[in-house]
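Asks: The structure that follows is given in the form of structure tokens.
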Amino acid sequence: MYFSTIGELIAMDGHGSFVWLAYGTTVLVLLVNLMATRLATRKQESALRWRQEVAALQQQQTNNTTEQNDS
Amino acid sequence: MSGSVTASLKQLWHKLGSPRWFYQITRNWVRGFGVMAAVLLLVGCIWGLAFAPPDYQQGNSFRIMYVHVPAAMVSQSLYLGMGVAGFIGLVWRMKLADVAIAATLPLGISLTALALFSGSVWGRPTWGSWWEWDGRTVSTLVMLFLYLGIYALREAIAEADLRARAAALVSLVGTVNIPVIKYSVEWWNTLHQPASFTLTEKPAMPAEMWLPLLVMVLGFYCFAGHNVLSRMRLEILRREANTRWVAELFAAKSVPASITKES
Amino acid sequence: MLALSCQRDQRDLFEPLNLVVGPGECIELLGPNGSGKSTLLRTLAGLHSQYQGEYNSVAAVYQGHRLGLDELLTPLENLAWFAGLQDQHLDRDRALTVLARLGLLAEAHTACYRLSAGQQRRAAIARWLLAEHSLWLLDEPFNALDVQSQVLLNELLHEHCQAGGAVVCATHLQLQVVGKVTLELEPVVEVAL
Amino acid sequence: MLALSCQRDQRDLFEPLNLVVGPGECIELLGPNGSGKSTLLRTLAGLHSQYQGEYNSVAAVYQGHRLGLDELLTPLENLAWFAGLQDQHLDRDRALTVLARLGLLAEAHTACYRLSAGQQRRAAIARWLLAEHSLWLLDEPFNALDVQSQVLLNELLHEHCQAGGAVVCATHLQLQVVGKVTLELEPVVEVAL
Amino acid sequence: MNQLLQRELTATLRTRGSVTNPLGFLLLSLLLFALVDPGAQDGHNSYLSGIFWVLILLTNLLSLDTMFRRDFDSGALEQMLISAHMPFVAVLLRIFVHWLSSGLLMTLFVPLFGLLLGLQTETFLPIMLVMVVGTPAVSLLGSIGAALTVGFSRGGTILALLILPLFLPVLIFGSACISAAISGLSFAAPLTWLGLFSSSSLLLAPWATWAALKISVEMQ
Amino acid sequence: MNQLLQRELTATLRTRGSVTNPLGFLLLSLLLFALVDPGAQDGHNSYLSGIFWVLILLTNLLSLDTMFRRDFDSGALEQMLISAHMPFVAVLLRIFVHWLSSGLLMTLFVPLFGLLLGLQTETFLPIMLVMVVGTPAVSLLGSIGAALTVGFSRGGTILALLILPLFLPVLIFGSACISAAISGLSFAAPLTWLGLFSSSSLLLAPWATWAALKISVEMQ
Ligand code: HEM
Ligand SMILES: Nc1ncnc2c1ncn2[C@@H]1O[C@H](COP(=O)(O)OP(=O)(O)OP(=O)(O)O)[C@@H](O)[C@H]1O
Ligand SMILES: Nc1ncnc2c1ncn2[C@@H]1O[C@H](COP(=O)(O)OP(=O)(O)OP(=O)(O)O)[C@@H](O)[C@H]1O
Ligand SMILES: [Mg+2]
Ligand SMILES: [Mg+2]
Chain A
1 MYFSTIGELI
11 AMDGHGSFVW
21 LAYGTTVLVL
31 LVNLMATRLA
41 TRKQESALRW
51 RQEVAALQQQ
61 QTNNTTEQND
71 S
Chain B
1 MSGSVTASLK
11 QLWHKLGSPR
21 WFYQITRNWV
31 RGFGVMAAVL
41 LLVGCIWGLA
51 FAPPDYQQGN
61 SFRIMYVHVP
71 AAMVSQSLYL
81 GMGVAGFIGL
91 VWRMKLADVA
101 IAATLPLGIS
111 LTALALFSGS
121 VWGRPTWGSW
131 WEWDGRTVST
141 LVMLFLYLGI
151 YALREAIAEA
161 DLRARAAALV
171 SLVGTVNIPV
181 IKYSVEWWNT
191 LHQPASFTLT
201 EKPAMPAEMW
211 LPLLVMVLGF
221 YCFAGHNVLS
231 RMRLEILRRE
241 ANTRWVAELF
251 AAKSVPASIT
261 KES
Chain C
1 MLALSCQRDQ
11 RDLFEPLNLV
21 VGPGECIELL
31 GPNGSGKSTL
41 LRTLAGLHSQ
51 YQGEYNSVAA
61 VYQGHRLGLD
71 ELLTPLENLA
81 WFAGLQDQHL
91 DRDRALTVLA
101 RLGLLAEAHT
111 ACYRLSAGQQ
121 RRAAIARWLL
131 AEHSLWLLDE
141 PFNALDVQSQ
151 VLLNELLHEH
161 CQAGGAVVCA
171 THLQLQVVGK
181 VTLELEPVVE
191 VAL
Chain D
1 MLALSCQRDQ
11 RDLFEPLNLV
21 VGPGECIELL
31 GPNGSGKSTL
41 LRTLAGLHSQ
51 YQGEYNSVAA
61 VYQGHRLGLD
71 ELLTPLENLA
81 WFAGLQDQHL
91 DRDRALTVLA
101 RLGLLAEAHT
111 ACYRLSAGQQ
121 RRAAIARWLL
131 AEHSLWLLDE
141 PFNALDVQSQ
151 VLLNELLHEH
161 CQAGGAVVCA
171 THLQLQVVGK
181 VTLELEPVVE
191 VAL
Chain E
1 MNQLLQRELT
11 ATLRTRGSVT
21 NPLGFLLLSL
31 LLFALVDPGA
41 QDGHNSYLSG
51 IFWVLILLTN
61 LLSLDTMFRR
71 DFDSGALEQM
81 LISAHMPFVA
91 VLLRIFVHWL
101 SSGLLMTLFV
111 PLFGLLLGLQ
121 TETFLPIMLV
131 MVVGTPAVSL
141 LGSIGAALTV
151 GFSRGGTILA
161 LLILPLFLPV
171 LIFGSACISA
181 AISGLSFAAP
191 LTWLGLFSSS
201 SLLLAPWATW
211 AALKISVEMQ
Chain F
1 MNQLLQRELT
11 ATLRTRGSVT
21 NPLGFLLLSL
31 LLFALVDPGA
41 QDGHNSYLSG
51 IFWVLILLTN
61 LLSLDTMFRR
71 DFDSGALEQM
81 LISAHMPFVA
91 VLLRIFVHWL
101 SSGLLMTLFV
111 PLFGLLLGLQ
121 TETFLPIMLV
131 MVVGTPAVSL
141 LGSIGAALTV
151 GFSRGGTILA
161 LLILPLFLPV
171 LIFGSACISA
181 AISGLSFAAP
191 LTWLGLFSSS
201 SLLLAPWATW
211 AALKISVEMQ
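Chains as they are written, first to last, in this note's numbering: chain A, 1 to 71; chain B, 1 to 263; chain C, 1 to 193; chain D, 1 to 193; chain E, 1 to 220; chain F, 1 to 220.
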């Protein structure tokens with residue numbers, strides 16, 4: 001490691017605030033992109049699944065009623 | 001011989017146009033890119049922040065380079081990618097092209113903004129001001145506008161087909177700006193650093209300085225691959241929600257027991 | 001034209017149509033306001049791409065609600081422009097004959113913005129006659145025409161069909177053309193889910 | 001209205017008219033294209049000042065060839081604007097009733113540029129009904145209306161006259177209004193010198 | 001009157017470009033100017049701040065063109081002329097909304113532009129003050145020109161240019177104020193003049209605009 | 001083709017403003033800039049000549065807005081899309097006539113403006129050369145933006161701004177040429193680039209414009 005202490009790593013000869021600001025923003029930007037995509041995908045997938053479940057349910061109910069009618 | 005090659009190429013092309021095929025084939029790519037991005041970014045960050053030697057002129061502020069340069073490079077590449085997608089979309093009317101444009105926009109915008117932001121943060125200690133009017137800064141800003149413009153354009157047009165065509169056209173035409181950003185440093189000879197990586201010459205920096213940069217650049221590219229592909233897959237799920245293959249993909253494995261009992 | 005149905009905002013406008021327009025046919029397109037007549041005509045003209053089904057597009061005259069005349073130019077200049085667009089030379093004498101038949105000879109050299117609504121319509125009609133396309137796609141061409149011109153337009157449509165041309169004409173009046181086919185657009189009944 | 005005759009480019013359009021429009025009267029203004037119907041109506045509405053003779057101008061509804069709807073706004077928003085112009089408050093329920101009668105209820109909240117030609121015309125009609133002016137100056141109001149709406153418009157004109165209103169309506173169709181007065185504009189015959 | 005205002009606002013917001021275009025134009029033209037001045041890095045910022053006020057006027061001027069255009073084309077202007085109960089108010093509201101979406105909006109963005117131009121932070125507030133006082137005159141006087149030219153799409157003339165000279169007072173007093181503010185001097189005198197100019201155009205311009213609209217509508 | 005050209009020319013000449021407006025705008029905005037820069041008399045000329053090229057671009061840009069507007073509103077654009085035998089030529093002619101009435105016209109007036117700005121007489125010819133080579137690119141690229149925006153009067157967006165970035169190369173090479181010309185240096189290199197840029201947009205822009213027009217017409 002170039003720096004001898006953690007303190008020095010944080011201070012970076014006085015340029016620390018700039019460097020850490022830049023890195024922090026970078027991490028933030030990447031994370032936001034990652035999470036936004038993740039969440040939206042989850043949401044879409046569960047919406048799709050829910051649709052299928054509703055469809056299956058309706059199917060079953062109509063089956064039930066026709067069975068009842070038959071009998 | 002060549003006939004069969006073109007035939008199979010045509011087949012591949014046809015496949016490429018199919019969202020379903022794309023969705024299935026990219027499942028593993030997304031994972032691969034994700035893992036690689038995580039490793040590379042982690043290694044690169046630690047290396048760049050803690051182990052690389054400081055610049056003899058700029059001191060430690062030069063470490064911003066390891067996020068600034070990859071962000072700038074990837075944001076340009078993404079724009080170029082949108083231009084290519086635009087071309088494909090316009091010429092072959094391929095639906096996937098618009099999916100790609102839509103998926104590239106958010107990341108492109110954020111990385112351009114990041115390049116601008118990290119650049120200004122870097123400029124404060126080195127140039128002494130947050131902002132300078134120089135060729136590269138301005139053309140990057142202009143690229144941000146181009147991105148935002150395409151985004152706004154897509155928001156403004158309600159009809160899907162027209163939206164796709166308009167966005168493709170503007171993306172394609174906008175690629176004119178890429179060489180401007182690329183060569184701005186040479187044309188203006190101003191404050192900003194000239195390219196440090198070129199294909200023809202060896203980098204001027206010592207290896208301990210440019211190796212972490214290389215790692216970070218690769219990491220950013222992998223992240224972009226991961227993010228754009230996942231967004232494309234999401235977009236495909238949205239658009240193809242009513243098709244059979246999506247329905248099958250998300251078929252209810254079983255109706256929840258609670259509901260079955262009631263009925 | 002196969003099972004064609006046009007869309008606005010991803011919404012089907014009318015029940016799919018099957019239609020073959022042959023030479024000499026005059027199709028009268030009826031339907032209440034908003035049933036999609038204009039949209040259908042625009043689609044056939046290639047100006048609207050949200051549709052399902054298939055159709056063969058051919059070079060055609062299209063006359064929409066908006067006339068397509070440059071209002072700064074005179075009728076004659078407008079006609080010359082249209083001819084030029086199709087890479088043809090405007091035969092001046094023929095153009096004047098056509099304008100005369102439409103009662104526009106006196107206005108042939110008046111800028112279109114100085115013409116009355118009906119006069120402008122007639123200038124637009126001159127364009128169809130000179131265009132030499134066999135298919136005419138007309139959207140409510142009787143609007144703003146006076147009684148005399150309405151009779152004339154019916155005659156013109158008839159002549160065009162006699163000469164082997166075809167007409168698809170959206171209208172709320174009854175066409176007075178012998179042998180016309182009437183087509184009613186049926187709005188799609190939306191089924192609530 | 002005394003010996004009124006309108007001019008365009010210092011040229012008289014029609015023989016001087018003498019006309020008194022009383023309550024309950026419905027005047028049908030006929031004349032070939034270019035005879036000056038629109039110009040006369042614009043003059044009466046106060047939008048054209050090249051004329052000879054005299055007339056008393058009163059607050060009136062004027063409906064020209066162009067509809068006067070802001071196409072970015074919905075019919076309802078347009079109506080609110082017109083009410084506001086006259087410093088009145090739009091009674092929303094009444095507006096909706098009127099729109100419903102015109103068959104526009106479903107489109108009350110759709111921006112006007114997304115309406116078909118006939119639907120836009122009907123949105124404009126709603127304005128007359130809400131304006132509470134007794135004189136209506138209408139320039140070819142039947143354009144683009146479907147058959148059903150044409151019948152409705154005739155009814156509306158009749159009702160308006162029954163209620164003591166007056167109508168001057170330029171048209172090329174025959175109004176189906178009981179007690180209408182027909183007025184033919186006679187073009188000035190130009191005498192060559 | 002409330003309904004009138006609402007309509008103007010709704011229509012303006014729905015033409016999204018009407019809000020973003022002026023800002024974007026201002027920013028991009030500033031960029032262009034910044035780019036073509038390669039050498040002089042020291043005088044650079046004062047050069048740009050000199051250009052700033054002119055560009056604000058020009059941007060304002062450009063957005064004027066659309067002020068009555070859509071209403072003219074759709075016939076809504078005819079309706080306004082026929083039925084407006086209070087012409088003065090009807091016109092004034094239109095002008096007011098134009099100002100909101102141009103003059104006021106640009107004023108709000110002064111800090112951003114100021115940072116880009118490298119102006120001192122203390123000058124932001126004075127500049128904003130000057131803009132709030134000066135830009136209404138631009139919208140007011142400009143509306144006269146917009147009203148006169150709206151009918152001229154055919155056979156157009158250079159009437160828009162006739163309005164530009166009217167802006168000279170705004171330009172002169174405004175730039176006097178701003179350069180005083182930048183050098184930290186008092187700018188009360190030119191600001192007073194600017195305010196006087198704005199308020200007198202507030203009283204007169206709507207009438208002139210109304211008359212101009214009448215001419216335009218008759219022209220067709 | 002002759003008939004097409006004739007129509008474009010006639011229509012342009014009849015909207016008189018289309019010829020005089022850009023010139024007047026250029027002149028007046030130059031005056032404005034000259035006015036707000038009262039002090040520095042030495043750097044004055046280089047300041048103005050720097051501004052000159054930007055203003056030429058801006059003026060050009062402003063006149064673009066009307067390029068297809070009237071045809072769109074009247075429905076003539078629909079007719080053009082349906083029946084044009086050679087789309088490329090039809091669009092190119094329109095662009096050409098726009099260039100005649102903006103770029104070329106301004107070029108012809110360079111001596112006048114040059115005298116006003118106090119530029120040396122020897123620089124007139126080089127500047128005119130640069131303008132003849134560079135302004136076609138503005139009309140060509142601008143036509144794409146004009147075509148895309150013409151349908152956006154409702155729900156408008158910031159498309160005009162999308163085009164401005166495309167002008168960056170023109171701006172850069174052009175101002176490089178002009179400043180070289182003013183300092184008496186050779187400007188062959190940037191001029192070549194400018195020429196290359198113009199000619200490649202000559203080949204590509206009309207197609208893009210055609211595609212954009214199609215989108216716009218479908219949008220309504
Ligand atoms: C807001 C200000 C800035 C912006 C918009 C900006 C933009 C860019 C862009 C677009 C690149 C990509 C070059 C490429 O792809 O080849 C880049 C690279 C670079 N920037 Fe910046 N920059 C800014 C400030 C700075 C500052 C202040 C410094 C350091 C003093 C700096 C140093 C560098 C370096 C060293 C590179 C790498 C050059 C290369 O390898 O190509 N930048 N910058
Ligand atoms: N630009 C548009 N965007 C969205 N929907 C539209 C648009 N134009 C029309 N529509 C809708 O499409 C439907 C069909 O319109 P179209 O103009 O084709 O009807 P039309 O049969 O020609 O009616 P009309 O007899 O009134 O001319 C209408 O319900 C209308 O509201
Ligand atoms: N802006 C104008 N400038 C000069 N002359 C005009 C103008 N508008 C119309 N005219 C002329 O005035 C005459 C009357 O036009 P007007 O529009 O009043 O006729 P109209 O009876 O309404 O016809 P239509 O039935 O076709 O609507 C026409 O001969 C026309 O050429
Ligand atoms: Mg229709
Ligand atoms: Mg008329």
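C-beta atoms are modelled at their ideal positions from N, C-alpha and C, and glycine is treated no differently.
Only a predicted model underlies this, so the values are computations on that prediction, with no experimental measurement involved.
May I ask you to check if the CB of Lys37 of chain D is nearer than 6 Å to at least one heavy atom of ligand 3?
Replies: By one-based count along the fourth sequence, residue 37 of chain D stands at place 37. Yes, the beta carbon of Lys37 of chain D sits closer than 6 Å to at least one heavy atom of ligand 3.
Asks: Just checking: is the beta-carbon of Ala123 of chain D within a distance shorter than 7 Å of some beta-carbon in chain E?
Replies: Here residue 123 of chain D is taken as the residue at index 123 of the fourth sequence, counted from 1. Judged by the 7 Å Cβ criterion, Ala123 of chain D is not in contact with chain E.
Asks: What are the boundary residues of the alpha helix (DSSP H) that Tyr151 of chain B is part of?
Replies: Numbered from 1 along the second sequence, position 151 holds the residue referred to as residue 151 of chain B. First-last of the alpha helix (DSSP H) with Tyr151 of chain B: 135–156.
Asks: Are any of the Cβ atoms in chain C nearer than 7 Å to that of Ser83 of chain F?
Replies: For this step, residue 83 of chain F is matched to residue 83 along the sixth sequence. Closer than 7 Å: yes.
Asks: Whose C-alpha, out of C:Thr110, C:Ser57, C:Leu76, C:Asn143, is nearest the C-alpha of Leu173 of chain C?
Replies: For the purposes of this step, residue 173 of chain C is identified with residue 173 of the third sequence, where counting begins at 1. Ranking C:Thr110, C:Ser57, C:Leu76, C:Asn143 by Cα distance to Leu173 of chain C puts C:Asn143 first.
Asks: For the segment 78–93 of chain D, which residues have a CB atom closer than 9 Å to at least one CB atom of chain E, in sequence order?
Replies: Asn78, Ala80, Trp81, Phe82, Ala83, Gly84, Leu85, Gln86, Asp87, Gln88, His89, Leu90
Asks: DSSP three-state label for Val61 of chain D, please.
Replies: For the purposes of this step, residue 61 of chain D is taken as residue 61 along the fourth sequence, with counting starting at 1. Val61 of chain D: strand per DSSP, three-state reduction.
Asks: Can you list, in chain order, the residues of its chain whose CB lies under 7 Å from that of Ala147 of chain F, leaving out five sequence neighbours each side?
Replies: Position 147 of the sixth sequence, counted from the start, is the residue given in the question as residue 147 of chain F. Contacts found: Phe68, Thr209, Ala212, Leu213, Ser216.
Asks: For a cutoff of 7 Å on Cβ pairs, would you count Phe68 of chain F as touching chain E?
Replies: The sequence position of residue 68 of chain F within the sixth sequence is 68, counting from 1. No, no contact with chain E.
Asks: Can you grab the Cα-Cα spacing for the pair Arg124 of chain B / Trp131 of chain B, in whole Å?
Replies: For the purposes of this step, residue 124 of chain B is taken as residue 124 along the second sequence, with counting starting at 1. For the purposes of this step, residue 131 of chain B is taken as residue 131 along the second sequence, with counting starting at 1. The straight-line gap from Cα to Cα measures roughly 8 Å.
Asks: Within a Cβ cutoff of 8 Å, which residues of the same chain sit near Leu72 of chain C, ignoring the five residues on either side of it in sequence?
Replies: As a first step, residue 72 of chain C is located in the third sequence; it is residue number 72 there, counting from the start. Ala111, Cys112, Tyr113.
Asks: Straight-line CA distance for Ile127 of chain E to Val110 of chain E?
Replies: Along the fifth sequence, read from residue 1 onward, the residue named residue 127 of chain E stands at position 127. Along the fifth sequence, read from residue 1 onward, the residue named residue 110 of chain E stands at position 110. So the two alpha carbons sit approximately 8 Å from each other.
Asks: Counting Cβ pairs closer than 8 Å, one from the segment 150–163 of chain B and one from the segment 65–80 of chain B, do we hit at least three?
Replies: Not touching, per the Cβ criterion.
Asks: Could you give the residue range of the beta strand (DSSP E) that holds Leu183 of chain C?
Replies: Start at 1 with the first residue of the third sequence, and residue 183 of chain C comes out as number 183. Leu183 of chain C -> beta strand (DSSP E) spans 180–184.
Asks: What's the gap between the Cα of Met219 of chain E and the Cα of Leu47 of chain D?
Replies: Start at 1 with the first residue of the fifth sequence, and residue 219 of chain E comes out as number 219. Start at 1 with the first residue of the fourth sequence, and residue 47 of chain D comes out as number 47. Roughly 9 Å separates the two Cα atoms.
Asks: Kindly indicate the opening and closing residues of the beta strand (DSSP E) around Tyr55 of chain C.
Replies: The residue labelled residue 55 of chain C in the question sits at position 55 within the third sequence. First-last for Tyr55 of chain C: undefined, no H or E at that position.
Asks: In terms of residues, what are the limits of the beta strand (DSSP E) holding Glu28 of chain C?
Replies: As a working mapping, residue 28 of chain C is identified with position 28 in the third sequence. Residues 26–30.
Asks: Could you pull the start and end residues of the beta strand (DSSP E) that Ala37 of chain B belongs to?
Replies: Counting from one through the second sequence, the residue named residue 37 of chain B turns up at place 37. No beta strand (DSSP E) holds Ala37 of chain B; the alpha helix (DSSP H) holding it covers 19–46.
Asks: Please decide whether Glu184 of chain D counts as near chain C, where near means a Cβ-Cβ distance under 7 Å.
Replies: Locating residue 184 of chain D in the fourth sequence gives position 184, counting from the first residue. For Glu184 of chain D, the answer is no, since every Cβ of chain C falls outside 7 Å of its Cβ.
Asks: Could you pull the start and end residues of the alpha helix (DSSP H) that Val170 of chain B belongs to?
Replies: Translated into positions along the second sequence, residue 170 of chain B becomes position 170. Counting along the chain, the unbroken alpha helix (DSSP H) around Val170 of chain B starts and ends at 160–174.
Asks: On the premise that Ala170 of chain C lies in contact with Ser38 of chain C, defined as a C-beta separation below 8 Å, what is that separation, rounded to the nearest angstrom?
Replies: Locating residue 38 of chain C in the third sequence gives position 38, counting from the first residue. Locating residue 170 of chain C in the third sequence gives position 170, counting from the first residue. With 8 Å as the limit, Ser38 of chain C and Ala170 of chain C qualify as a contact, their Cβ atoms being about 7 Å apart.
Asks: Going by the DSSP bridge assignment, what does Val167 of chain C pair with across the sheet?
Replies: Taking the third sequence and counting its residues from 1, the one referred to as residue 167 of chain C is at position 167. The partner list for Val167 of chain C (beta bridge, DSSP) reads C:Cys26, C:Trp136.
Asks: Is the closest heavy atom of ligand 1 to the C-beta of Met73 of chain B under 6 Å?
Replies: Here the question's residue 73 of chain B lines up with position 73 in the second sequence. Yes.
Asks: Within 10 angstroms of the Cβ of Ile172 of chain F, are there 16 or more other Cβ atoms? Answer buried if so, exposed if not.
Replies: The residue you call residue 172 of chain F lines up with position 172 of the sixth sequence. Buried, because 16 or more other Cβ atoms sit within 10 Å of the Cβ of Ile172 of chain F.
Asks: Work out the CA separation of Leu203 of chain E and Val89 of chain E for me, nearest whole Å.
Replies: Sequence index remark: in the fifth sequence, residue 89 of chain E carries index 89 (1-based). Sequence index remark: in the fifth sequence, residue 203 of chain E carries index 203 (1-based). Val89 of chain E and Leu203 of chain E: Cα-Cα distance of roughly 11 Å.
Asks: Is the CB-CB distance between Pro212 of chain B and Tyr66 of chain B below 7 Å?
Replies: Position 212 of the second sequence, counting from 1, holds the residue named residue 212 of chain B. Position 66 of the second sequence, counting from 1, holds the residue named residue 66 of chain B. In contact: Pro212 of chain B and Tyr66 of chain B (Cβ atoms closer than 7 Å).
Asks: Helix, strand or coil, according to DSSP, for Leu220 of chain D in the structure here?
Replies: With chain D covering only 1 through 193, there is no way to say anything about residue 220 of chain D.
Asks: Would you say the segment 22–38 of chain D touches the segment 48–65 of chain E, given that touching needs at least three Cβ pairs under 8 Å?
Replies: No, they do not touch.
Asks: Quick check: is any heavy atom of ligand 2 less than 6 Å from the C-beta of Ala195 of chain D?
Replies: Because chain D in this structure spans residues 1 to 193, residue 195 of chain D falls outside the shown range and cannot be described.
Asks: Based on Cα-Cα distance, which residue from E:Arg14, E:Ala11, E:Leu35 lies nearest to Val142 of chain B?
Replies: In the second sequence, counting from the first residue as 1, residue 142 of chain B sits at position 142. The candidate whose alpha carbon is nearest that of Val142 of chain B is E:Leu35.
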